[in-house]
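Q:
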Amino acid sequence: MPWWGYLLIVVALLVGVALGFFIARKYMMSYLKKNPPINEQMLKMMMMQMGQKPSQKKINQMMNAMNKQTGK
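Each residue of the sequence shown is one higher than the one before, counting from 1 in the UniProt record's numbering.
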């Protein structure tokens, strides 16, 4: 196989990796837009389902803890 054949394989591999990255990024952006992470309303509903009466102070504490954990 001539040298340009190897070059073509390397270029195709690099293009495939770059294209895969951008397609995966676009997919994740649209997924997060359709399915947002937990917000205050969802947290309040989960606490009520677990039998706890959520106060706004407790919800704010949990949201702050979750945001700190995810690095926001």
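Note that the Cβ used here is the ideal one computed from N, Cα and C, for glycine as well. Being a predicted model, the structure only gives us computed values, none of them experimental.
By how many angstroms is the C-alpha of K34 removed from the C-alpha of R25?
A: Within the sequence shown, the letter at position 25 stands for residue 25. Within the sequence shown, the letter at position 34 stands for residue 34. Straight-line measurement puts the Cα of K34 at about 14 Å from the Cα of R25.
Q: S59 and E40: beta carbons closer than 8 Å?
A: As a working note, residue 59 is residue 59 in the sequence shown. As a working note, residue 40 is residue 40 in the sequence shown. Correcting the residue identity first, residue 59 is Ile in this sequence and not Ser. It is a contact, given that the beta carbons lie within the stated cut-off.
Q: Can you give me the start and stop residues for the alpha helix (DSSP H) that residue 103 sits inside?
A: Here the chain has residues from 1 to 72 only, and residue 103 is not among them.
Q: Is the beta carbon of M63 closer than 8 Å to that of M43?
A: For the purposes of this step, residue 43 is taken as residue 43 along the sequence shown, with counting starting at 1. For the purposes of this step, residue 63 is taken as residue 63 along the sequence shown, with counting starting at 1. As written in the sequence, residue 43 is Leu, which differs from the Met given in the question. In contact: L43 and M63 (Cβ atoms closer than 8 Å).
Q: Which of helix, strand or coil does DSSP assign to Q52?
A: Numbered from its first residue, the sequence shown carries residue 52 at position 52. It is coil, neither helix nor strand.
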